[in-house]
Amino acid sequence: MDLCRLTIHEAAQLLRRREISSLELTQAFLDRIRKVDDKVRAFVTLSDALALQQAKEADRTIRLGDGTPLTGIPAVIKDNICTKGIRTTCSSKMLENFTPPYDATVVVKLNACGMVMMGKGNMDEFAMGSSTEHSAFFPSHNPWDLSRVPGGSSGGSTVSVAADEAVYALGSDTGGSIRQPAGFCSVVGLKPTYGRVSRYGLVAFASSLDQIGPLTKDVTDCALVMNAISGHDPRDSTSLPDPPPDYTRSLIPDLRGLRLGVPQEYFVEGMQKGVAEAIRSATVKLAELGAEIDWGVSLPSTRYGLAAYYIIAPSEASANLARYDGVKYGFSAQVAENMWDAMEKTKQHGFGPEVKRRIMLGTYALSAGYYDAYYLKAQKVRTLIRREFDQAFEKFDALVTPISPTVPFKIGEKVDDPLQMYLSDVCTLPINIAGVPALSVPAGFVDGLPVGMQIIGKPLGEETLLRVAFAYEQATDWHKRKPEL
Amino acid sequence: MKLSREEVKRLALLARLGLDEDEVERLREQLSNILENFEILQQVDTTDVPPTAHSIALENVLREDEAGPSLPADQVLANAPNREEGFFKVRAVLE
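Quick note, the sequences are listed as chains R and P, same order.
At position 106 of the first sequence the residue is numbered 107 (our numbering), and the sequence of numbers has no breaks.
At position 49 of the second sequence the residue is numbered 62 (our numbering), and the sequence of numbers has no breaks.
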């Protein structure tokens, strides 16, 4: 038995039956990481000493007959989620030596569930990017083809799951950063409803769009991680008060009675033919499973999503990243003429090119004379996009689209062309703009490279997404295919 | 929207972001190109459409004004590049 291929629910069963120990499981993953991480580079920091300690603790818990489905299971946390005593870099030179004095709420919750943390996942710097090439340290590689990107920004977290270096991972998603890499690496990724999961301790990028969510090997695991991390947090005033359900109760392999819509606008101009075909045949499969499908839905404001997003997100980022002034924490330029000069040099040498680009774009959109034409206009378009989703959800339980217009692209292909890079998120951005939940589930391969299907739900409609994805997964075997490393 | 080098430098000053001359030129080209593509937004009729700041809006999130535990000062200061006697050390603000 290859321990590293286990899902959470499979590993949990073996642990409970004492057929394996968490320490054995953790050792197996550390061996696997030693063997393959040179190729895929998922980790910024490996927390092996902590993992072994947590594994021993988990084994004690299990011996006492206690624990949760996550007890003793190895996980990776994206490196923009604060972990007490373990450096949290956002893959930026700015935070290269930053060690948080506290845990993010999701980490507190996972620790309470008995997590074994293997380390911190590489990412595009400050979560700004779609390929993980904007990491200030090194790019991560797609395990299905090492010359290609894994997607981003949660590339390292996603790769760790796809390459069997962890059982599950947490990512964050501001415009597609969980779902697009999940699609590119053939794993399950969920961006919950805005406010479903606490953002406390998530390093802020665009606060009205950011959301933490799970990356897992199957849909059942996605539900298990959601059970652990969802819920209201008094430390995040945007977190929703509604008590979360038991998400595993949504895992029903039958779609009878569900109405699904397929919005045409998501099959964008320039979309790779094979990707569109894979998604079309996936929707046919959903119909076979009992769902009623309308292939002719139209959400006309979708075409403005990209522009609205790339004004709103950088505007919020330019405000959020103003805090990196070299005083309280982070990189600090020491040789400077005065306070302003020190601040300018700190940002100049601490931030990479994409972060600078977004700060400049956001500063422009918020500056006097341009605020109305750009920022305010984008926020009004945001209203229109949201209203179209509201209207669609009066008729449909969920919407089904591709995750990205293409399969994973080559490392280096888009890194110097920001607009082309932004376009790879065109199918995922509108979801963050509207704040609704969406899930990526493996839906096939084109020339050996993964294709992801996006399922979009109404606010707090995660259960429907899990049901659709679970039924589809049970009827297909895409999630069982593994990359060769 | 074509940006000039001066406009790029003005924005950098607003953001307190130092840039070298090559960066100014590259950002001038890239931002001009991006903003040109975003002019598509001007086609949208947004008459009487209110702006959305938060997609899932909660209003008036209140709590009791009670003091809770805080982090100890030494932990808060542990990541500070410059500190002195329990404080963040900063450069002179007034010269």
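By construction, the Cβ of each residue, glycine as well, lies at the ideal position given by its N, Cα and C atoms.
In this structure, does DSSP put residue i in helix, strand or coil?
i: C205 of chain R; result: Looking at the sequence shown, residue 205 of chain R is not Cys but Ala. In the structure shown, A205 of chain R sits in coil (DSSP, three-state: anything other than H, G, I, E or B).
i: G306 of chain R; result: helix
i: V471 of chain R; result: The residue you asked about is not Val; residue 471 of chain R is Phe in the sequence shown. Helix, per DSSP.
i: W296 of chain R; result: strand
i: D32 of chain R; result: helix
i: S68 of chain P; result: coil
i: I87 of chain R; result: strand
i: L424 of chain R; result: helix
i: T133 of chain R; result: coil
i: E97 of chain P; result: strand
i: N433 of chain R; result: helix
i: I63 of chain R; result: helix
i: G177 of chain R; result: coil
i: I312 of chain R; result: helix
i: A369 of chain R; result: coil
i: S441 of chain R; result: strand
i: L231 of chain R; result: One point to set straight first is that residue 231 of chain R is Ser, not Leu, in the sequence displayed. S231 of chain R falls in the strand class under three-state DSSP.
Residues of chain P with a CB under 8 Å from the CB of residue i: which are they?
i: A379 of chain R; result: L54
i: I434 of chain R; result: S68
i: K329 of chain R; result: N92, A93, F101
Can you find a C-beta in chain P that's less than 8 Å from the C-beta of residue i?
i: T106 of chain R; result: no
i: L325 of chain R; result: According to the sequence provided, residue 325 of chain R is Tyr. The question's Leu does not apply to it. By this cut-off, Y325 of chain R is not an interface position.
i: F99 of chain R; result: yes
i: A205 of chain R; result: no
i: E126 of chain R; result: no
i: M340 of chain R; result: yes
i: G462 of chain R; result: no
i: Q455 of chain R; result: no
i: I21 of chain R; result: no
i: Y169 of chain R; result: no
i: I87 of chain R; result: no
i: T46 of chain R; result: no
i: S148 of chain R; result: no
i: P431 of chain R; result: no
i: Y267 of chain R; result: no
i: T84 of chain R; result: no
i: T465 of chain R; result: no
i: R6 of chain R; result: no
i: T384 of chain R; result: yes
i: I213 of chain R; result: no
i: R180 of chain R; result: no
i: S154 of chain R; result: no
i: S92 of chain R; result: no
i: S209 of chain R; result: yes
i: L136 of chain R; result: The displayed chain sequence assigns Ser, not Leu, to residue 136 of chain R. False, the Cβ-Cβ gap to chain P never drops below 8 Å.
i: S132 of chain R; result: no
Using the beta-carbon of each residue, which ones in chain P are nearer than 9 Å to residue i?
i: E355 of chain R; result: Residues of chain P passing the Cβ test: none, with the nearest at roughly 10 Å.
Anything in chain R within Cβ reach of residue i, meaning under 9 Å, just list it in chain order.
i: A86 of chain P; result: The premise fails here: A86 of chain P is roughly 11 Å from chain R at the closest Cβ pair, so nothing lies under 9 Å.
i: G31 of chain P; result: A334, D342, M344, E345, K346, T347, K348, Q349, H350
Is the Cβ of residue i closer than 8 Å to any Cβ of chain R?
i: S68 of chain P; result: yes
i: E108 of chain P; result: yes
i: P82 of chain P; result: no
i: V37 of chain P; result: no
i: F51 of chain P; result: yes
i: N73 of chain P; result: no
i: F101 of chain P; result: yes
i: R76 of chain P; result: yes
Can you name the residues of chain P whose CB is closer than 7 Å to the CB of residue i?
i: P102 of chain R; result: L84, Q88, V89, A91
i: T364 of chain R; result: L24, L27, A28
i: I360 of chain R; result: A28, L30
i: S319 of chain R; result: A28
i: R18 of chain R; result: Ordered by position in chain P, no residue passes the 7 Å Cβ test against R18 of chain R, which lies about 41 Å from the chain.
List, in order along the chain, the chain R residues whose C-beta lies closer than 7 Å to that of residue i?
i: R104 of chain P; result: N339, M340, A343
Report whether the distance from the Cβ of residue i to the nearest heavy atom of the ligand MN is below 7 Å.
i: D32 of chain R; result: The ligand content of the structure shown is nil, which means the ligand MN is not present either.
Take every Cβ of the segment 78 to 96 of chain R, pair it with every Cβ of the segment 113 to 130 of chain R, and state whether three or more of those distances are shorter than 8 Å. yes
Three or more C-beta pairs closer than 8 Å, one from the segment 439 to 458 of chain R and one from the segment 189 to 200 of chain R: is that the case here? yes
What are the residues of the segment 190 to 202 of chain R that lie near chain P, defined by any Cβ-Cβ distance shorter than 7 Å? T194, Y195, G196
For the segment 395 to 407 of chain R and the segment 260 to 273 of chain R, state whether three or more C-beta atom pairs, one from each stretch, are separated by less than 8 Å. yes
Against chain P: residues of the segment 401 to 420 of chain R by CB proximity under 8 Å: P419, L420
State whether the segment 409 to 416 of chain R contacts the segment 160 to 168 of chain R, with contact taken as three or more CB pairs (one from each stretch) at a distance under 8 Å. no
Specify whether the segment 316 to 329 of chain R and the segment 349 to 366 of chain R touch according to this definition: at least 3 beta carbon pairs, one from each stretch, less than 8 Å apart. yes
Measuring CB atoms only, is the segment 414 to 424 of chain R touching the segment 43 to 63 of chain P, in the sense that at least three cross pairs come out at less than 8 Å? yes
Check distances from the C-beta atoms of the segment 246 to 261 of chain R to those of chain P and list, in chain order, the residues that come in under 9 Å. none
Which residues, in chain order, does the segment 301 to 316 of chain R contribute to contact with chain P at a C-beta distance below 8 Å? S302, R304, Y305, A308, A309, Y311, I312
Taking beta-carbon pairs under 9 Å, can you tell me which members of the segment 221 to 247 of chain R lie near chain P? P235, S238, T239, S240, L241, P242
Is it true that the segment 10 to 26 of chain R meets the segment 55 to 70 of chain R, where meeting means three or more beta-carbon pairs spaced less than 8 Å apart? yes
Assess, as a yes-or-no matter, whether the segment 228 to 235 of chain R is touched by the segment 442 to 455 of chain R under the definition of 3 or more beta carbon pairs within less than 8 Å. no
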